[in-house]
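A.B. asks: Sequence order for the protein chains is A and B. Its first residue numbered 21, the first sequence is counted upward by one per residue in the working numbering. Its first residue numbered 2, the second sequence is counted upward by one per residue in the working numbering.
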Amino acid sequence: DQQVKQNSPSLSVQEGRISILNCDYTNSMFDYFLWYKKYPAEGPTFLISISSIKDKNEDGRFTVFLNKSAKHLSLHIVPSQPGDSAVYFCAASGGSNYKLTFGKGTLLTVNP
Amino acid sequence: GAGVSQSPSNKVTEKGKDVELRCDPISGHTALYWYRQSLGQGLEFLIYFQGNSAPDKSGLPSDRFSAERTGGSVSTLTIQRTQQEDSAVYLCASSSYLEDEQYFGPGTRLTVT
């Protein structure tokens, strides 16, 4: 069973507009959530994270929102840039469970 | 500083052969993780090391898979009698004791023919 789901395999946006990537989870033990970005032939790169005690975390153009009651989080990128084009993975961990559970990823394409 | 490195970057092997994949974590990182990504899938946890011990091997898909870590640094993932379903990108990550973020290497793409 997939505990972390990214239901959109791909997303295309225009440069300068907002990109919204979504992620849903089922395991209520998850209390820490991360977004990773991955370029082809490279490993995932940590982007931003959020603890379950918060509902928003912002870092420059990137903001992550957490809705615990809906078991949903989203990553907002604004303004989007062509260099943001990559696969974005949502990941979660919980309690003393250090291992990350990943979604299948969303391919973001930002068009100039 | 240097990031996580993995070798080889690509490995093609015949079904039934053994392979060894190597990971050099970030210096000073006590935790080391192995994941794999099969085509069209997310990253799948394999094994976790804290220092030289592996308190969680629950993700290893079969007893053909094993891993070790020596000197609290380099780790080797060994796959014996490889099968075609073992074809995937094998990713290593490390983290410091106080951090939750894991830092990934570039991966080893394994193809079993």
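Glycine residues also receive a C-beta, built at the ideal position from the N, C-alpha and C atoms. Owing to the predicted nature of the structure, the values given are computational and were not obtained by experimental measurement.
By the criterion of Cβ-Cβ separation under 8 Å, what are the contact partners of residue 119 of chain A in chain B?
C.D. replies: The residue you call residue 119 of chain A lines up with position 99 of the first sequence. Those are 34, 46, 49, 57 and 60, listed as they occur along chain B.
A.B. asks: Run through the DSSP bridge pairs and tell me what residue 30 of chain A is partnered with.
C.D. replies: Looking up residue 30 of chain A in the first sequence gives position 10. Residue 30 of chain A pairs with A/127.
A.B. asks: On the CB-based measure, 16 or more other CB atoms within 10 Å of its CB, does residue 132 of chain A come out buried or exposed?
C.D. replies: Working through the first sequence from its first residue, we reach residue 132 of chain A at position 112. With fewer than 16 other Cβ atoms within 10 Å, it is exposed.
A.B. asks: Beta-carbon within less than 6 Å of residue 28 of chain A's beta-carbon, same chain only, minus the 5 sequence neighbours each way: which residues are those?
C.D. replies: Reading the first sequence from its first residue, position 8 is the one you call residue 28 of chain A. Taken in chain order, the residues that qualify are 126.
A.B. asks: Mind checking the stretch 48–63 of chain A against chain B and listing, in chain order, the residues whose C-beta falls within less than 9 Å of any C-beta there?
C.D. replies: Residues 52, 54, 56, 58, 61, 62 and 63.
A.B. asks: List the residues of chain A whose Cβ lies closer than 7 Å to the Cβ of residue 106 of chain B, in chain order.
C.D. replies: In the second sequence, residue 106 of chain B corresponds to position 105, counting from 1. What residue 106 of chain B touches in chain A: 63.
A.B. asks: Answer with yes or no whether the minimum CB distance from residue 43 of chain B to chain A is below 8 Å.
C.D. replies: Translated into positions along the second sequence, residue 43 of chain B becomes position 42. Closer than 8 Å: yes.
A.B. asks: From the DSSP output, read off the bridge partner residues of residue 77 of chain B.
C.D. replies: Counting from one through the second sequence, the residue named residue 77 of chain B turns up at place 76. Answer by DSSP bridge pairing, in chain order: B/23 and B/69.
A.B. asks: Could you pull out every residue in the same chain whose Cβ sits closer than 8 Å to the Cβ of residue 72 of chain A, ignoring the five residues on either side in sequence?
C.D. replies: Residue mapping note: residue 72 of chain A aligns to position 52 of the first sequence, counting from 1. Counting only Cβ-Cβ distances below 8 Å, and skipping sequence neighbours, we find 50, 51, 52, 53, 86 and 88.
A.B. asks: In whole angstroms, give me the CA-to-CA distance for residue 61 of chain A and residue 115 of chain A.
C.D. replies: Working through the first sequence from its first residue, we reach residue 61 of chain A at position 41. Working through the first sequence from its first residue, we reach residue 115 of chain A at position 95. Spanning the two alpha carbons is a distance of roughly 32 Å.
A.B. asks: Going by alpha carbons, who is nearest to residue 82 of chain A out of A/57, A/90 and A/91?
C.D. replies: Position 62 of the first sequence, counted from the start, is the residue given in the question as residue 82 of chain A. Minimum Cα distance to residue 82 of chain A is reached at A/57.
A.B. asks: How far does the beta strand (DSSP E) with residue 47 of chain B in it reach, from first residue to last?
C.D. replies: Counting from one through the second sequence, the residue named residue 47 of chain B turns up at place 46. Its beta strand (DSSP E) spans residues 44–51.
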